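As structure tokens, the structure follows; a few thoughts come after it.
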Amino acid sequence: MAWLRERINNRPLREGTRKGHLTTYKALERFGKFKTFDDVTLQHIYQFDLFIREEQTYTTKGKPIIRSQAAIHNYHKRFKSYVAEAFRLGLIKENPYERFQDKRGEKSHRPHLTEAQLKKLIRMREESTDAIMNRYLDFFLFQTFTGMAYSDAKSFDYEQHIVTIDGKDYIDGHRIKTGNEFVTPVLPITRKILERNNYKMEITSNQKYNQFLKGIGLALNCSFPLTTHTARHTFATMMLTLGADLYTVSKLLGHTSVKMTQVYAKIVNKKKDDAVNLTNGLFD
Numbered sequence: 574m575a576w577l578r579e580r581i582n583n584r585p586l587r588e589g590t591r592k593g594h595l596t597t598y599k600a601l602e603r604f605g606k607f608k609t610f611d612d613v614t615l616q617h618i619y620q621f622d623l624f625i626r627e628e629q630t631y632t633t634k635g636k637p638i639i640r641s642q643a644a645i646h647n648y649h650k651r652f653k654s655y656v657a658e659a660f661r662l663g664l665i666k667e668n669p670y671e672r673f674q675d676k677r678g679e680k681s682h683r684p685h686l687t688e689a690q691l692k693k694l695i696r697m698r699e700e701s702t703d704a705i706m707n708r709y710l711d712f713f714l715f716q717t718f719t720g721m722a723y724s725d726a727k728s729f730d731y732e733q734h735i736v737t738i739d740g741k742d743y744i745d746g747h748r749i750k751t752g753n754e755f756v757t758p759v760l761p762i763t764r765k766i767l768e769r770n771n772y773k774m775e776i777t778s779n780q781k782y783n784q785f786l787k788g789i790g791l792a793l794n795c796s797f798p799l800t801t802h803t804a805r806h807t808f809a810t811m812m813l814t815l816g817a818d819l820y821t822v823s824k825l826l827g828h829t830s831v832k833m834t835q836v837y838a839k840i841v842n843k844k845k846d847d848a849v850n851l852t853n854g855l856f857d
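Numbering (our numbering), first residue to last: 574 to 857.
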């Protein structure tokens, strides 16, 4: 547990992510059976799963909290990353999570921009003469055409992260949230965005960025709140729609596993099914 606490404190995590990991750490403390590395067994992980399902917890106002399957999955996802690291370092003899059956849980639909909305957004940027607005628009478009999360895009450094392979430029980096490697091509529109921003993607704050995105969402007639995550979701959906396979998109996004990318495939498949159903209806 001392090793786990030290790793949580020293990993390059966003503070919000670190708080989530500390929440898992405190739950492991309350569970009380992971005292040494020898205690990291499949049996104890199943017991921990039962513990977080049945533990009675309350809000600050005294209301009981019932953990959803998605919340339970997050506890395991955080702990699993440290168990895997301990295994790689030889601190434990096997990774019991390789045999643990964990369900991710149903998550809400991941909203993304349509092709028409994306074209309208690009047109808005080309027609805008507002310097501040242009900075935010370009940052969002940069996320959209690279698939980079907000924190990764904000820490983007052209000299450090651009590599050239067979004459083509790629962004090669590691996700701040998870440490996973990602590689994404510098598309012509990405190059254009970088050039007009002197190869530096800078915005003042996440709060102001989200406030700006609310207004853009209204201008695009979005049926959902436009957030920084929408750009990443749009990129993933766009790549799959254009024919990229799940494994490739998973690497572009820096996902821990292909399973994380499958949610986007479901969105694309549903769009295809809807198109087929519409076509069939026209000829009934």
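By construction, the Cβ of each residue, glycine as well, lies at the ideal position given by its N, Cα and C atoms.
Note that the coordinates shown come from a computational prediction; the quantities given were computed from them, not determined experimentally.
### Query
What's the gap between the Cα of Glu602 and the Cα of Met574?
Across the structure, Glu602 and Met574 are spaced so that their CA atoms are roughly 8 angstroms apart.
### For Ile705, three-class secondary structure by DSSP
Of the three classes helix, strand and coil, the one that applies to Ile705 here is helix, per DSSP.
### Query
DSSP on Ser681, reduced to helix/strand/coil?
With a pLDDT of 49 at Ser681, under the threshold of 50, the predicted position of this residue should be treated as unreliable, though the coordinate-derived value follows. Residue state for Ser681 is assigned as coil, using DSSP reduced to three classes.
### Message
Rounded to the nearest angstrom, what separates Thr630 and Thr590 at their Cα positions?
### Response
Approximately 21 angstroms, taken between the alpha carbons.
### Task
Compare the Cα-Cα distances from His646 to each of Asp622, Met812 and Ala792 and report the closest residue.
Looking at the Cα atoms, Asp622 is the closest of the given residues.
### Query
Out of curiosity, what's the CA-to-CA distance linking His747 and Gly720?
Spanning the two alpha carbons is a distance of roughly 13 angstroms.
### Message
Counting C-beta neighbours from all protein chains within 10 Å, is the total for Gly790 16 or more, i.e. buried, or is it exposed?
### Response
Taking a 10 Å sphere around the C-beta of Gly790, we find 16 or more other C-beta atoms and assign the residue as buried.
#### Entry: Pairwise C-alpha distance: Ile749 and Lys608
About 29 angstroms.
### Task
Run the CB neighbour count on Arg587, radius 10 Å, all protein chains shown included, and call it buried at 16 or more, exposed below.
Arg587 should be labelled exposed.
### Query
Between the Cα of Phe604 and the Cα atoms of Lys592, Asp611, Ile618 and Gly593, which residue gives the shortest distance?
Cα-wise, what sits closest to Phe604 is Ile618.
### Message
For a quick check, are the C-beta atoms of Asn770 and Asp711 less than 8 angstroms apart?
### Response
Between Asn770 and Asp711, the CB-CB gap stays under 8 angstroms.
### Message
Is the beta carbon of Thr807 closer than 8 angstroms to that of His685?
### Response
Contact flag set, yes.
### Contact set for Asn582: own chain, Cβ-Cβ below 7 angstroms, skip 5 residues either direction
If the five residues before and after Asn582 are omitted, its C-beta is found closer than 7 angstroms to no C-beta atom of its own chain.
### Query
How far does the beta strand (DSSP E) with Ile776 in it reach, from first residue to last?
Careful: Ile776 lies outside any beta strand (DSSP E) and carries neither H nor E.
### Task
Output the boundary residues of the beta strand (DSSP E) element that contains Asp745.
Taken as a continuous stretch (DSSP letters only), the beta strand (DSSP E) holding Asp745 covers Lys741 to His747.
### Query
Can you name, in chain order, every residue of its own chain whose Cβ lies under 7 angstroms from the Cβ of Pro758, other than the five neighbours on each side?
These residues qualify, in order along the chain: Lys741 and Tyr743.
### Query
What residues are listed by DSSP as bridge partners for Val736?
Paired residue(s): Tyr743.
#### Entry: Nearest-angstrom Cα separation, counted from Gln642 out to Ser681
Because the pLDDT at Ser681 is just 49, under 50, the model does not fix this residue reliably, and the point stays unresolved.
### Query
On the three-state DSSP scale, how would you describe Glu667?
DSSP places Glu667 in coil when its eight states are reduced to three.
### Query
Since Tyr655 and Arg580 are thought to touch, with beta carbons under 8 angstroms apart, how far apart are those beta carbons, to the nearest angstrom?
Yes, Tyr655 and Arg580 are in contact; Cβ-Cβ is about 6 angstroms, under 8 angstroms.
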